[in-house]
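Numbering (this note's numbering), first residue to last: 767 to 936.
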Amino acid sequence: MNWLDITLLIVLGFAALKGFQRGFIIEIASVIGLVLGIWAGVHVSEEVTEWLGLEIKQEATAFLITFILVLVLVVLLGRVLTKLIDIAQLSLPNKLAGIVLGVVRSAFTLSIALNLIMGYSDGTTPAQDVREASHLFTPIRAFAPTIIPAVGETKWVKRTIDALREVEEE
């Protein structure tokens, strides 16, 4: 275990703690709110621009307003559902599932970050000896491309996956 493993474990540990504090419902509401907010911003921002009386060049403002509004509404709905779960005395399962979702979401984000760092540094950062000594680098780096195969369609991700396969074969 090296500094990279320790860093990754600290990030995953904070994600587990945050997931426990927030619970599964709020964690999933945040993810759904983010996705729906982006979708609504893309598909509805033109109408919001007209409705608010903004100029076409201010469509980015309408996108932002739409995104934030949808995100806030979904998170508020998540908070209401969390209160109902608390009333039903299902708080502990909600919090334990929140740990799992928090760690998975964080591992996904770390995977994207590691792939971006490797892509932009032409595979030189982190150093090869650090990567080879790490127990977590390879599985975390492979996580996002495994979850979303479409990410694997880009050239730099294909190179990354091929490099990961070579490491596994050694």
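A virtual CB, placed ideally from N, CA and C, is assigned to each residue, including glycine.
Given the structure is predicted, the values throughout are model-derived calculations rather than measurements.
Within 10 angstroms of the Cβ of S811, are there 16 or more other Cβ atoms? Answer buried if so, exposed if not.
Residue mapping note: residue 811 aligns to position 45 of the sequence shown, counting from 1. Its Cβ being crowded by 16 or more others within 10 Å, S811 is buried.
Starting from L850, trace the alpha helix (DSSP H) in both directions and tell me its first and last residue.
The sequence position of residue 850 within the sequence shown is 84, counting from 1. Segment 825 to 853, the alpha helix (DSSP H) holding L850.
Between the alpha carbons of D928 and V840, how many angstroms are there, rounded?
On the sequence shown, residue 928 is found 162 positions in, with the first residue counted as 1. On the sequence shown, residue 840 is found 74 positions in, with the first residue counted as 1. One C-alpha to the other measures close to 39 Å.
Through-space distance from G803 to V814, alpha-carbon basis:
Reading the sequence shown from its first residue, position 48 is the one you call residue 814. Reading the sequence shown from its first residue, position 37 is the one you call residue 803. The alpha-carbon atoms of V814 and G803 are separated by roughly 13 Å.
For T832, count the other beta carbons within 10 Å of its own beta carbon; 16 or more makes it buried, fewer makes it exposed. Which is it?
Position 66 of the sequence shown, counted from the first residue, corresponds to residue 832. Per the 10 Å Cβ criterion, buried.
Quick one, which of V896, T875, Y886, S887 has its alpha-carbon nearest A908's?
The residue you call residue 908 lines up with position 142 of the sequence shown. Closest option to A908, Cα to Cα, is T875.
Starting from the Cα of G785, find the closest Cα among V896, L835, V869 and give me that residue.
Position 19 of the sequence shown, counting from 1, holds the residue named residue 785. Nearest to G785 by alpha-carbon distance, out of V896, L835, V869, is V869.
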